[in-house]
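Enquirer: Please find one structure pasted underneath; my questions will follow.
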């Protein structure tokens with residue numbers, strides 16, 4: 011008896027909220043009485059000799075009472091056993107192996123110009139940056155480092171558990187930040203080895219390469235570096251074997267003979283690198299299948315390593331052991347005894363004891379919650395998760411569909427979705443999409459249409475004036491036309507993540523208004539206004555300071571008219587309180603000066619890479635990386 015006392019002292023329920031099911035026991039007597047009353051009403055209409063065959067109970071009241079009591083007792087016991095099993099009774103601990111996420115991961119991101127090819131929309135680099143963010147979400151507690159490379163390799167972030175820092179810097183990465191062009195994977199591998207040595211990661215590390223290929227001139231050298239490092243290098247390939255030209259400001263990148271370069275996915279070379287180093291290769295996929303293939307379970311890897319070494323060195327921890335599954339046996343016995351009667355009650359009780367499907371199953375397969383959402387609400391969820399391609403397909407509302415297409419880089423479809431909508435906001439957003447697609451004259455007409463409806467639309471007037479200035483400069487100089495996006499003609503026109511060129515922030519116009527509230531969009535997305543693309547684009551370094559000040563003053567003085575509609579409750583919770591005191595002149599001057607300070611995280615990385623490049627005294631000469639400057 012004394013040996014049982016410690017167990018009783020530790021007895022508890024892991025999920026006690028399931029015990030609320032016991033409240034159903036109070037309903038059973040009422041249900042049983044109602045059932046008897048209904049049968050009693052039928053007895054006065056059914057012949058006594060037929061009651062035994064027609065009614066569910068015999069005409070004898072005593073027999074009927076005993077049968078009803080047995081049925082109620084069986085249902086009560088089933089509900090009680092199911093509730094206790096789901097509550098998870100436990101009274102002892104058992105050691106279990108821990109999922110060790112201390113394994114270091116170094117991501118090598120290819121920032122060569124070939125990653126700008128648009129054989130996958132919007133381009134390879136955009137999808138690679140999104141894949142980096144997906145990897146960070148997949149391992150929230152692991153140590154991760156990020157290295158960007160082109161003609162040389164540069165450390166973006168050392169090994170850290172702060173994934174937010176890497177996620178903040180990833181959207182800024184582009185080939186224009188690189189001091190030297192090329193595709194020197196060998197230097198990226200060397201840099202990864204240096205990072206791991208400084209962090210003393212040892213052999214508990216893995217490299218992940220996000221690239222579209224390895225140049226022939228650097229292939230042998232990269233293989234040697236990978237073999238010398240002695241760590242697995244997994245690869246996710248971006249692009250298609252058919253390839254696509256590489257966009258350039260003057261058109262497309264050309265080789266020395268003047269032919270347009272077609273950048274293809276070099277799958278064989280990347281596959282060979284993965285096989286040589288003991289890693290895995292997978293083509294880029296829209297979901298997380300590629301991540302699961304190249305980054306297998308780290309716990310499984312630890313088990314394999316321990317088995318090979320003949321040791322049991324896995325970290326372990328004590329966890330409460332759920333003993334609720336033992337109650338399934340009496341439930342099965344009751345199901346066998348009641349096989350012919352009340353067959354639907356007991357299987358339901360048994361079904362309650364089944365574990366819930368994992369959370370990731372709802373993302374990759376069927377989710378019952380989707381049954382309660384319409385297409386616009388499902389699309390709003392994808393939009394909030396930045397899966398703009400899926401949102402574009404699901405949205406039935408034209409303006410929402412245009413917004414998703416714009417964020418996805420499909421400017422032509424965005425403009426087409428807004429055709430026929432005669433509102434100032436729709437004309438303005440259509441003008442932004444047309445400007446992005448290079449149709450400056452049509453964009454100017456769209457802005458004028460917006461001003462005809464709303465003459466006080468400052469954003470449309472501002473963008474129209476910039477387009478007219480560009481057209482005038484083109485006529486005066488007879489030079490090459492540049493799209494408004496290079497000069498930020500839609501300075502309030504799109505999210506920075508939609509642009510794969512190096513558009514650094516100089517102000518952040520209403521960035522908190524760029525997307526609609528996800529909760530509200532799921533509940534009533536069909537009634538919302540889509541987030542205007544006029545709320546989050548940002549000026550580049552090439553724009554004059556005067557234009558920056560105008561844009562900033564505009565964003566501070568008047569919010570965009572395309573802000574999503576919200577309920578009165580949301581307005582009450584999010585609307586800022588009125589100021590109680592007017593700031594003095596010195597504070598106003600300070601705030602005005604701070605507004606003129608450009609917010610340019612891209613410049614920070616560019617300067618950092620330049621310092622790293624200039625400070626290196628050894629290594630291969632720069633021209634070795636420029637044999638194929640794309």
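In this note's numbering, the protein residues as written are 11 to 640.
Using N, Cα and C, we set each Cβ at its ideal position, and we do this for glycine too.
These numbers come from a predicted model, not from an experiment.
Run through DSSP, which three-state label would residue 145 get?
Expert: Numbered from its first residue, the chain shown carries residue 145 at position 135. Looking at residue 145 - three-state DSSP - the assignment turns out to be helix.
Enquirer: How about residue 233 and residue 305: do their beta carbons lie closer than 8 angstroms?
Expert: Indexing the chain shown from 1 puts residue 233 at position 223. Indexing the chain shown from 1 puts residue 305 at position 295. In this structure, the beta-carbon distance from residue 233 to residue 305 does not fall below 8 angstroms.
Enquirer: Rounded to the nearest angstrom, how far is the Cβ of residue 256 from that of residue 294, given a contact under 8 angstroms?
Expert: In the chain shown, counting from the first residue as 1, residue 256 sits at position 246. In the chain shown, counting from the first residue as 1, residue 294 sits at position 284. Actually they are not in contact, since the Cβ atoms of residue 256 and residue 294 sit about 18 angstroms apart, beyond 8 angstroms.
Enquirer: Excluding the 5 residues preceding and the 5 following residue 401 in the sequence, name in chain order all residues of the same chain whose CB lies nearer than 7 angstroms to its CB.
Expert: Here residue 401 refers to the residue found at position 391 of the chain shown. When the five nearest sequence neighbours on each side are left out, the beta carbons in the same chain lying within less than 7 angstroms of the beta carbon of residue 401 are those of 389, 392, 393, 414, in order along the chain.
Enquirer: Taking its Cβ as the centre, do 16 or more other Cβ atoms sit within 10 Å of residue 9, making it buried, or is it exposed?
Expert: An answer regarding residue 9 cannot be provided, because it is not within the stretch 11 to 640 covered by the chain.
Enquirer: Which partner residues does residue 170 have in the DSSP bridge list?
Expert: Here residue 170 corresponds to residue number 160 of the chain shown, with the count starting at 1. DSSP, once it has assigned bridges, lists 154 as partnering residue 170.
Enquirer: Tell whether a beta-carbon distance below 8 angstroms holds between residue 163 and residue 104.
Expert: As a working note, residue 163 is residue 153 in the chain shown. As a working note, residue 104 is residue 94 in the chain shown. Not a contact, by the Cβ cut-off of 8 angstroms.
Enquirer: Go ahead and pull the three-state DSSP assignment for residue 263.
Expert: For the purposes of this step, residue 263 is identified with residue 253 of the chain shown, where counting begins at 1. It is coil, neither helix nor strand.
Enquirer: Return the CA-CA distance between residue 289 and residue 114, expressed in angstroms with no decimal places.
Expert: Locating residue 289 in the chain shown gives position 279, where the first residue counts as 1. Locating residue 114 in the chain shown gives position 104, where the first residue counts as 1. If I take the Cα positions, the gap works out to 15 angstroms.
Enquirer: With three or more beta-carbon pairs closer than 8 angstroms as the criterion, would you say the region 240-254 touches the region 211-221?
Expert: yes
Enquirer: Looking at C-alpha atoms only, which residue of 82, 298, 99 is the closest neighbour of residue 20?
Expert: The count along the chain shown starts at 1 and reaches residue 20 at position 10. Comparing Cα-Cα distances from residue 20 to each of 82, 298, 99, the minimum goes to 99.
Enquirer: Quick check: the region 112-131 against the region 145-159, are there 3 or more CB pairs under 8 angstroms?
Expert: Contact between the region 112-131 and the region 145-159 is present, because at least three Cβ pairs lie under 8 angstroms.
Enquirer: Hey, residue 227 and residue 191: beta-carbon distance below 8 angstroms or not?
Expert: Locating residue 227 in the chain shown gives position 217, where the first residue counts as 1. Locating residue 191 in the chain shown gives position 181, where the first residue counts as 1. No; because the gap between Cβ atoms is not below 8 angstroms, this pair is not in contact.
Enquirer: In the DSSP assignment, find the unbroken beta strand (DSSP E) run with residue 116 in it and report its ends.
Expert: For this step, residue 116 is matched to residue 106 along the chain shown. It spans 114-120 - the beta strand (DSSP E) in which residue 116 sits, taken as one unbroken run.
Enquirer: Hey, quick one: how far does the alpha helix (DSSP H) through residue 199 stretch, first residue to last?
Expert: Locating residue 199 in the chain shown gives position 189, counting from the first residue. Residue 199 -> alpha helix (DSSP H) spans 195-209.
Enquirer: Rounded to whole angstroms, how far is the Cβ of residue 205 from the Cβ of residue 169, which I believe are closer than 8 angstroms?
Expert: Position 195 of the chain shown, counted from the start, is the residue given in the question as residue 205. Position 159 of the chain shown, counted from the start, is the residue given in the question as residue 169. About 6 angstroms; that satisfies the 8 angstroms criterion.
Enquirer: Taking only three categories from DSSP, how would you classify residue 238?
Expert: Taking the chain shown and counting its residues from 1, the one referred to as residue 238 is at position 228. In the structure shown, the three-state DSSP call for residue 238 is helix.
Enquirer: Within 10 angstroms of its Cβ, does residue 442 collect 16 or more other Cβ (buried), or is it exposed?
Expert: Residue mapping note: residue 442 aligns to position 432 of the chain shown, counting from 1. When all chains shown are included, residue 442 counts as buried.
Enquirer: Would residue 440 be called buried (16 or more neighbouring beta carbons within 10 Å of its own) or exposed?
Expert: One-based indexing of the chain shown puts residue 440 at position 430. It counts as buried.
Enquirer: In terms of alpha-carbon separation, which member of 463, 455, 424 lies closest to residue 447?
Expert: Here residue 447 refers to the residue found at position 437 when the chain shown is read from its first residue. Nearest C-alpha to residue 447: 424.
Enquirer: For residue 229, which residues of its own chain have a beta-carbon under 8 angstroms away from its beta-carbon, when the five flanking residues on both sides are left out?
Expert: Taking the chain shown and counting its residues from 1, the one referred to as residue 229 is at position 219. Excluding residues within five positions, the ones whose Cβ falls inside 8 angstroms are 279.
Enquirer: How would you label residue 224, buried or exposed, when you count the other beta carbons within 10 angstroms and need 16 or more for buried?
Expert: In the chain shown, residue 224 corresponds to position 214, counting from 1. Residue 224 is buried by the Cβ-count criterion.
Enquirer: Tell whether a beta-carbon distance below 8 angstroms holds between residue 183 and residue 166.
Expert: Within the chain shown, numbered from 1, the residue matching residue 183 stands at position 173. Within the chain shown, numbered from 1, the residue matching residue 166 stands at position 156. A contact, by the Cβ cut-off of 8 angstroms.
Enquirer: Check the DSSP bridge columns for residue 247 and list the partner residues they point to.
Expert: Residue 247 sits at position 237 when you count from the first residue of the chain shown. DSSP, once it has assigned bridges, lists 221, 293 as partnering residue 247.
Enquirer: Can you tell me whether residue 464 is helix, strand or coil according to DSSP?
Expert: The residue labelled residue 464 in the question sits at position 454 within the chain shown. If DSSP states are grouped into helix, strand and coil, residue 464 belongs with coil.
Enquirer: Do residue 86 and residue 642 count as a contact pair if the criterion is CB distance below 8 angstroms?
Expert: Lying before the first or after the last residue shown, residue 642 is absent from the chain, which here runs from 11 to 640.
Enquirer: Going by other Cβ atoms of all chains shown within 10 Å of its Cβ, with 16 needed for buried, is residue 180 buried or exposed?
Expert: Walking along the chain shown from the start, residue 180 turns up at place 170. Counting the other Cβ atoms within 10 Å of the Cβ of residue 180 gives 16 or more, which makes it buried.
Enquirer: Tell me whether the beta-carbon of residue 453 lies closer than 8 angstroms to the beta-carbon of residue 444.
Expert: Locating residue 453 in the chain shown gives position 443, where the first residue counts as 1. Locating residue 444 in the chain shown gives position 434, where the first residue counts as 1. The answer is yes: Cβ separation under 8 angstroms.
Enquirer: Looking at the structure shown, is residue 57 part of a helix, part of a strand, or coil, going by DSSP?
Expert: As a working mapping, residue 57 is identified with position 47 in the chain shown. Coil.
Enquirer: How is the alpha helix (DSSP H) around residue 438 delimited, first residue to last?
Expert: Position 428 of the chain shown, counting from 1, holds the residue named residue 438. Looking at the DSSP string, the run of the alpha helix (DSSP H) that includes residue 438 is 434-446.
Enquirer: On the DSSP bridge list, what partners appear for residue 258?
Expert: Numbered from its first residue, the chain shown carries residue 258 at position 248. 261.
Enquirer: Using three-state DSSP, classify residue 39 as helix, strand or coil.
Expert: In the chain shown, counting from the first residue as 1, residue 39 sits at position 29. If DSSP states are grouped into helix, strand and coil, residue 39 belongs with the helices.
Enquirer: Considering Cα atoms alone, identify which of 39, 59, 37, 96 is closest to residue 29.
Expert: To locate residue 29, count along the chain shown from 1; it is residue 19. Nearest to residue 29 by alpha-carbon distance, out of 39, 59, 37, 96, is 96.
Enquirer: Measure the CB-CB distance between residue 438 and residue 470 and report whether it falls below 8 angstroms.
Expert: Against the chain shown, residue 438 aligns to sequence position 428. Against the chain shown, residue 470 aligns to sequence position 460. Cβ atoms of residue 438 and residue 470: closer than 8 angstroms.
Enquirer: Would you mind stating whether residue 287 and residue 236 have Cβ atoms separated by less than 8 angstroms?
Expert: The sequence position of residue 287 within the chain shown is 277, counting from 1. The sequence position of residue 236 within the chain shown is 226, counting from 1. Contact flag set, yes.
Enquirer: Ordered along the chain, which non-local residues of its own chain (more than five positions away) have a Cβ less than 7 angstroms from that of residue 657?
Expert: In this structure the chain extends from 11 to 640, so residue 657 is not present and cannot be described.
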